[in-house]
Amino acid sequence: MMSEEYDWIDFYTKFADKLLEYKHRRPELIALIQEMYEAIGEKFPKLEAEGVPTDIDPYTVYGLFNKGIRDSTRKKIVDYLNSKLGLNSRPVSSFNGVPILNNQNATFYAFRWNARRTDKDIDNLWDVFEASVRLADNENEENRKLFVAAYENLSEQFNIRWNITFGFYWTRPNRFLSLDGRNRWYLGTEALAGEVCASVVPRKNTSHVPTGEEYLQICDTVIGQLGTSNCPAASLPELSYEAWLESERVNKEEDERKAKEKEKAKNSLGDGDVSRQRFWLISPSKFASVTDDLFDRGVMILGYPSIGDLADFESRDEIREVLKESISDESQQKNVSLAMWQFVSEVQIGDAVYIKEGPNKIIGWGIVAENYRFEEKANFPYMRQVDWKSREIFTPVSGLPNKTFTEITDDQVLLTNLEEFYAQSDDVVEDFEAESLEKQYPAYGRADFLSEVFVTEGQYESMVQALRTKKNIILQGAPGVGKTFIAKRLAYSMMGEKDINRVMMVQFHQSYSYEDFIEGYRPAGSGFELQKGAFYSFCKRAADDLENDYFFIIDEINRGNLSKIFGELFMLIENDKRGKSNKLQLLYSKELFHVPENVYLIGMMNTADRSLAMLDYALRRRFAFIELPPGFATEGFGRYRDALGSEQLNLLLQKVNELNQAIAADDSLGEGFCVGHSYFCNLERETCDTSALSAIVEFELLPLVKEYWFDEPAKVRDWSDRLRRTLS
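Quick note: the sequence shown uses full-length UniProt numbering, first residue 1, plus one each step.
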C-alpha cells in the first residue's frame, strides 16, 4: 500500500497526529503557517475577509495543500511541514487519490463578521477532528458514539457539507471514505463498483448529506466490498484514484462529443467560424454615484460580491456550486451563476452594452473594449473596460428584463428602438478614447461556397443571378438537399464575408402573422402597446447601412398564411418597388414604410410536403424559384464520399440512388420527393460505421419511405429490406 503511487499517506497520517497537539495552541499554528509561506516564497492565502485569521481549524490547514494549486507548490508545503514538525515521513512523489477543494471555497468556516459564523464553529471542527482520529486508531462503540455526536454538531454549520468527508479521508485515508463528487459518481454507478456500493452511496446530484451514523455505515460497507470482483480496488485511496481516472476518461469523451455536436450545430448553418456581435443589458448598482464613476472610468462592473476570480472557474456549474454556500434559493443560484459565467466567458470585445437603471430606464451605452479583469480589492471586483458612447436616457414603452445582467441580442424590437434613439443622440462621451472596435468577419466568396455546398457552378451562378435581378428567391427541393445550409452560405458568398449581423432567419408556421412580421399590438402591463416585428426591424437596420447588402431568410415559407403575413408588403418587396420613393402606410402605426434596396429575401420550401397548398400567384410572381436536386452526383459530394473511404456507405448510396429513381418514376410523387444528400453529411472517417449508417436508414430514410407509400405496405417492406440489407 505504501508504493510510490500512494506515498502521501504516511505524511498525511503523521501530520494529523501532530496537528492534534495544536488544538489548544491555535495562535502558534497560525504563526507557523505564516512562517511557512514566507519560507517557501509563496503568497499567504485568503483565509479571512481581511488579513491573517485569528483562529483556524485543522481541515482548513489540510486544505492549504489540498486545493487547486500546482503539485510543486503542494510538495513545497508538505516538505516544509515534514521538516519543521519533525515528522520523518516518506517524501511525497504524487497525490494520487487525494480529493481537493475549490480554490474559492477552501476554508471550512465563514469569515469573521459573517452572520452565519458562530463562536463554536471552529471548536466543533477540532472536536470532530479529534474524534475521527481516535475512532480510526481505536475502533470501539464509545469512540463511535463520540464521533457521531461531534459530526452531528456540524449539521447546521456554514460551509460544511460533503467537504467534511474530504477532511476525514485526508487524516485517515484507510478508514474514512471521501464523498467527493467523483467518488459518489463512481460508487453510485453499479457497473463500475457493484450493486452493494451503489445501493448505499449517495448519488452525485443528491441534496441529502448523510448523518454521522449513516456516514460510518457507508464507509463500513464500501470497505467491506474492497478487493471483491465488484470492487477490485484494494484500499480506499486506490478506489479514490480509480474513480478519478474513470471520471477523467468519461469527461474527456463527453467533452469531445459535446465539442463535435457544437461544431456540427454551428457548421450546419455556416456560422462555425464567425464571432457574432452580441448585445447586453446590465444593472451595475442601485447607487447613482457608482454608475457615474463607471462612465468616468470607462468601465462596467458586475454588481455581485466576490467569490474569487471568475477566470479560475472552468464551468458555470463550478460557479453555482460555490454560490450554494451563500445563496439558498435555487432560482437565484441559476441566475447569478449564468450572469457571472457570461460576464467572464461570453462577452467579447466589440459587443454592445446598455446600462439599465430601474425597471424601465436605460441611461447609456457603449462598446466593450477589453477583456474581463478581476480587481480583488474593489467592492465590485468583476469589470471590463468600455468605450461609452452616450449617457442620454432612453425610456422604452415596455418594461426591461429585471435581471442584473442579461443578453438582449435576439430582442430585435428593443434593439431597433435603442438604435433609432441613440442614432439621433448628440450626447457622446468624449473622455474615453478607444481604438476601432469594428468586427472582422471571415472572408467568404464563390470558391468557398462551391467547396462546401454540393451544387454545380452553373446552379450557383443561376441562384446569384436570380437573387440580384429579382431580389427575392425561393429555394425548393426534396427533403435533405440542404436548403437551410445553402441559404446562409449563398448570402455570405454575395456579401463577401460571414457577417451574421446582416443575415436574419425566421420560420413561418400556421400561427405566424402580420403582427409578428411587421407590427402589431401586444399585451403590456395593464393594456396593449404597438410592437415592431422581425422584418420591420430588419429593414430599419438595413436602411441605416445602405452600402452593405442584407439577407432575410424565411424557412418553411409555404407553411404560413402569406397574404395575412405580408399584408401591404406584397407590393413593396418587388424588385422595382424598393426604396424611399415607394412607401406605403402601415396598418397600425400609419407610418410610411419602404423596403430598402439592399434587402434580399430567400425563402425555402419543401416540395415533398403534401399537407400544404401551392403558393398563390401573387407571391409566386414576386419570387424566382430555384429547384435544388439531390447533390449525390456533384464533384463536391464525390470528393467527400471518397474521403470517408467506406464501402458500406458506397453500397448504401447506390441503393438510395435506386430509391430516388423509383420515387421520380412514381406518378404520385416525382423528383420533388427524392431523398437529399444532407442525410449523409457530417459523417467522419472514424465514425462512418455500420451503427452510424444504420441510424440514418432507420431514423431518416425509412420514415420517408413509409410516408411516401403509406398506402402500399408491400412497397414499404420491399425498400426497407433493400436498404437494411446493404448494411448486413
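We put the beta carbon where it would ideally sit given N, CA and C, even for glycine. Computed from a predicted structure; not experimentally measured.
Item                                                                                                          : Value
Contact check, K637 vs F454, beta carbons under 8 Å                                                           : A quick correction: the sequence has Phe, not Lys, at residue 637. Contact: yes.
I474 (DSSP reduced to helix, strand or coil)                                                                  : strand
Sheet register partners of A149 (DSSP bridge)                                                                 : DSSP output for A149 lists no bridge partner at all.
Where F313 falls: helix, strand or coil (DSSP)                                                                : coil
As assigned by DSSP and simplified to three states, the class of W280                                         : strand
For Q157, the three-state DSSP class (helix, strand or coil)                                                  : coil
I557 versus I602, E568, E519 and G533, residue with shortest Cα-Cα distance                                   : I602
Sequence-distant residues of its chain with Cβ nearer than 6 Å to R175 (five each side left out)              : A136
Rounded separation between V52 and I408 - CA only                                                             : 43 Å
Coil, strand or helix - S229 by DSSP                                                                          : coil
Best match in F108, Y679, L415 and G527 for proximity to I160 [C-alpha to C-alpha]                            : F108
Closest residue to Y492 among D549, Y514, S462 and S511 (Cα-Cα distance)                                      : D549
Per-residue burial, F699 [other beta carbons within 10 Å of its own, 16 or more giving buried]                : exposed
Same chain, Cβ closer than 6 Å to G97, five either side skipped, listed in chain order                        : P237, S240 and Y241
Own chain partners of N582 with C-beta closer than 7 Å, once the 5 adjacent residues on each side are dropped : L572 and H594
The beta strand (DSSP E) enclosing E627, as first and last residue numbers                                    : A624 to L628
Contact check, F570 vs F552, beta carbons under 8 Å                                                           : no
Per-residue burial, P99 [other beta carbons within 10 Å of its own, 16 or more giving buried]                 : buried
Whether N360 touches L400 by CB criterion (8 Å)                                                               : yes
Nearest residue (CA-CA) to I696, options A714, E686, G676 and S89                                             : G676
Pairwise C-alpha distance: R489 and P284                                                                      : 39 Å
Minimum C-alpha distance to T484 - residue among T395, M605, R117 and K18                                     : M605
Continuous beta strand (DSSP E) stretch holding R717: start and end                                           : Element bounds for R717: not the beta strand (DSSP E) but the alpha helix (DSSP H), P713 to R725.
Bridge partners - K356, DSSP secondary structure assignment                                                   : I362
DSSP beta-bridge partners of S390                                                                             : W365
Same chain only: Cβ atoms within 6 Å of S155, ignoring 5 sequence neighbours per side                         : none
Where K67 falls: helix, strand or coil (DSSP)                                                                 : strand
Limits of the unbroken beta strand (DSSP E) element including Y550                                            : Y550 to D555
Opening and closing residue of the alpha helix (DSSP H) in which E35 lies                                     : R26 to I40
Short Cβ contact (8 Å threshold) for T607 with Q459                                                           : no
Residues bridged to T484 (per DSSP)                                                                           : Answer by DSSP bridge pairing: none, since T484 is not bridged.
Coarse secondary structure for P523, derived from DSSP in three states                                        : strand
Cβ-Cβ distance between V148 and G212 below 8 Å                                                                : yes
Local Cβ density within 10 Å of F343, reported as buried at 16 or more and exposed below that                 : buried
Beta strand (DSSP E) segment containing N606, residue limits                                                  : V599 to N606
Span of the alpha helix (DSSP H), counted from its first residue to its last, around E130                     : D121 to D137
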